[in-house]
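Undergrad: Here you go, one structure.
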Amino acid sequence: MSEHSRPATSDVNVDIHAERLLVLDYGSQYTQLIARRLRELGVYCEILPCDVDEERIVAFAPLGIVLSGGPESTIEDDALPIPQTVFDLNVPVLGICYGMQAMAVHFGGAVGNCGHSEFGHAQVRSLGDCALFASVFGTSDSSDVWMSHGDRVEKLPDGFTHVAESDNAPIAAMADSDRHYYGVQFHPEVTHTVAGKEILRNFTHSICGCSGQWTAANIIEDAVERIRNQVGSDRVLLALSGGVDSSVVALLLHRAIGDQLQCVFVDNGLLRLDEGDQVMQMFNDNLGVKVLRVNAAERFLNKLQGVTDPEDKRKIIGTEFIAVFEEESQKLKNVKWLAQGTIYPDVIESAGAASGKAHVIKSHHNVGGLPDVMKLSLVEPLRELFKDEVRRIGVDLGLPVKMVNRHPFPGPGLGVRILGEVNQEAADILRQADAIFIAELHAQDLYNAVSQAFVVFLPVRSVGVTGDGRRYGFVVALRAVETIDFMTARATCFPDGFLDRVANRILNEIPQIARVVYDISSKPPGTIEWE
Ligand code: XMP
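Under our numbering, the first residue of the sequence shown carries the number 4, and numbering increases by one thereafter.
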């Protein structure tokens, strides 16, 4: 093993799922954030919908439960209640925002409307000792928090004391320290709540008694063990895309089963500049992972000839990918398993979509059709991880930080960034322009401040003038957005001079381009990609 890929210290034989918390989801946009924060504190947790079968709550056997916020109002007749099981388990409970209000109602308190909603920064003042705020703020101290509510608790429930106040939420926090039930009106999971992490840590460690075994090193150790038990001596196939998820799956599997793993990397001709070579170099040469590269650019371009509709292009690229991958895999002997980089948010969203409760999964989900076609069993070692955890273990497994922090790249690649018909010339021009934009973002230290940046090729020509005459060339659009969840986004506002520099370089270095424009649309109503 190279120094680079040496694992961080793990607690061998630790059951990293033994200390577990449950997050009951009342529909807040921050529910996943709560879970990510608890995991960052080293505690395994899962999210279940608030109306889940109560047996599942019992079976999960959490050491503590967090009730999320949500858009509902406890004042409405059909407000979502807290299942009695939550309290029958005799474990600590933390209610956040709606979770606090629902707990107040459950125990005989009262909730009313503030008269006006409160969003954003507020100050809370501590009113007395409370385990949730220990070492965070003492009596009479104030702290900056983030609020987002229309209702508030107006009468404390039986057995609770009033432990913090704010101007708009006189009962900003309540506690029943005998039964270990706590409620906060503000959101400790968002970074604007300055002491949020310490407050959650008091809950997970002091109140629930967790010690923090959910660490990157322990996660890797556990995943490796589970992969070995699952696949035994069988061979496993992986469609390596070069993205973070499939790369981390490759490294985990490689650590677990070595050369029983066979990666197939399909170069569809729609990748970024030199991307195929870089993926091959990193895995084959630097990390010692066996990768079969299939150069299928011509095949994809042939299929895309004359096709201009974005959804048709997506379907063709997806179908062709499956066809190429299946053909290649048939050449490999004794493969029984297909590895996939499914991550925890995909699992939650699929469950939500199945029950009709959560957002619909994007129609552009990557390798959707593969498992059915391949008739192989699935191994999905990232199923319980959030993206930030995948990135962390990726770095521990030896992936370069630059690669781990790369902006997302869509499965159909440049196919949806070349508007209209996709052809070799457009792909080559776009690759060069994109590489200049990305290189400049790195050079000006702006890459990590942007969530996603790329260039779009427009199949229209425009007149320009160069020193020696007329130029009649293509138009490209620069796109850069800032977003937390890619569901909404706003166009990045770059420092003075940056866009001029990028445009100048593109126009000087790529003679086929006559004009560079910057896309200032936000999402909604725009989308991030142009197609
Ligand atoms: P939109 O354009 O829907 O993009 O605002 C949101 C995020 O999804 C990515 N995206 C895709 N990813 N296959 C993918 O794997 C696709 O067909 C696809 N279309 C968009 C997009 O890059 C952004 O990160």
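Glycine residues also receive a C-beta, built at the ideal position from the N, C-alpha and C atoms.
Because the structure is a prediction, the values reported are computed rather than measured.
(1) Report the rounded CA-to-CA distance for Val539 versus Phe136, giving the unit in angstroms.
(2) Are the Cβ atoms of Pro462 and Leu510 separated by less than 8 Å?
(3) On the CB-based measure, 16 or more other CB atoms within 10 Å of its CB, does Gln284 come out buried or exposed?
(4) Who does Phe122 pair with in a DSSP beta bridge?
(5) Compute the minimum distance between the beta carbon of Gly215 and the heavy atoms of the ligand XMP, and state whether it is under 7 Å.
(6) Check Ser146 in the structure and name its three-state DSSP category.
(7) Please report the straight-line C-alpha distance between Asp437 and Ala107, rounded to a whole angstrom.
(8) Starting from the C-beta of Ile547, find all residues in its chain whose C-beta is less than 6 Å away, skip the five residues before and the five after it, and write them out in chain order.
(9) Kindly examine the ligand XMP and report whether one of its heavy atoms sits closer than 7 Å to the Cβ of Arg493.
(10) So within the region 179-247, which uninterrupted beta strand (DSSP E) runs reach at least 3 residues, ignoring any that extend past its ends?
(11) Which residues mark the beginning and the end of the alpha helix (DSSP H) in which Lys405 is found?
(12) What do you reckon, are the CB atoms on Val382 and Gly397 nearer than 8 Å?
(13) For the beta strand (DSSP E) holding Ala107, just list the boundary residues, first then last.
(14) Could you have a look at Pro384 and say whether DSSP puts it in helix, strand or coil?
(15) The alpha helix (DSSP H) spanning Asp315 covers which residue range?
(16) Check each candidate in Ile531, Leu449, Ala300 and Pro498 and name the one with the smallest Cα separation from Asp431.
(17) Between Ser13 and Arg42, what straight-line distance do the alpha-carbon atoms span, to the nearest angstrom?
(18) Ordered along the chain, which non-local residues of its own chain (more than five positions away) have a Cβ less than 6 Å from that of Ser465?
(19) Report the three-state DSSP secondary structure of Gly141 (helix, strand or coil).
(20) Can you find the residues in the same chain that come closer than 6 Å, C-beta to C-beta, to Asn298, ignoring five residues on each side of it along the sequence?
(21) Starting from Arg504 and walking both ways along the beta strand (DSSP E), at which residues does that stretch end?
(22) Cβ-heavy atom distance between Val404 and the ligand FAD below 7 Å?
(23) So, helix, strand or coil for Gly359, using DSSP?
(24) In whole angstroms, what is the alpha-carbon distance linking Val294 and Glu428?
(25) Report the rounded CA-to-CA distance for Leu402 versus Tyr184, giving the unit in angstroms.
(26) Strictly by DSSP, which residues pair up with Lys158?
(27) What residue range does the beta strand (DSSP E) around Lys339 cover?
(28) So, for Phe63: in the same chain, excluding its five sequence neighbours on each side, which residues have a beta-carbon less than 6 Å away from its beta-carbon?
(29) Who are the Cβ neighbours of Leu502 in its own chain at under 6 Å, not counting the five residues just before and after it?
(30) Pick helix, strand or coil for Tyr33, following the three-state DSSP scheme.
(31) Candidates Pro52, Gln216, Ser180 and Ala125: which alpha carbon is nearest Phe163's?
(32) Cβ of Tyr450 within 8 Å of Cβ of Leu388?
TA: Considering the structure as presented:
(1) What the structure shows of the chain is the stretch from 4 to 534, and residue 539 is not part of that stretch, so it cannot be assessed.
(2) No, these two residues do not count as a Cβ contact at 8 Å.
(3) Around the CB of Gln284, fewer than 16 other CB atoms lie within 10 Å, so the residue is classed as exposed.
(4) Ser151
(5) no
(6) strand
(7) 54 Å
(8) The chain is shown from 4 up to 534; residue 547 falls before or after that span and cannot be answered.
(9) no
(10) Within the region 179-247, the complete beta strand (DSSP E) segments of 3 residues or longer fall at 184-187 and 238-242, listed in chain order.
(11) Val404 to Val407
(12) no
(13) First-last for Ala107: Tyr101 to His109, but that is the alpha helix (DSSP H), not the beta strand (DSSP E).
(14) coil
(15) Pro313 to Gln333
(16) Ala300
(17) 16 Å
(18) Taking C-beta separations shorter than 6 Å and ignoring five residues to either side along the sequence, the partners of Ser465 in its chain run Val478, Ala517 and Arg518, following chain order.
(19) Gly141 sits in coil when the DSSP states are folded into three classes, being neither helix nor strand.
(20) Asp270.
(21) Here Arg504 belongs to no beta strand (DSSP E); instead the alpha helix (DSSP H) covers Phe501 to Glu512.
(22) Among the ligands present in this structure, namely the ligand XMP, the ligand FAD is not found.
(23) Since pLDDT at Gly359 reaches only 48, below the 50 mark, its modelled position is unreliable, and the value read off the structure follows with that caveat. If DSSP states are grouped into helix, strand and coil, Gly359 belongs with coil.
(24) 28 Å
(25) 42 Å
(26) Ala113
(27) Val338 to Ala342
(28) Leu25
(29) Tyr521
(30) coil
(31) Ser180
(32) no
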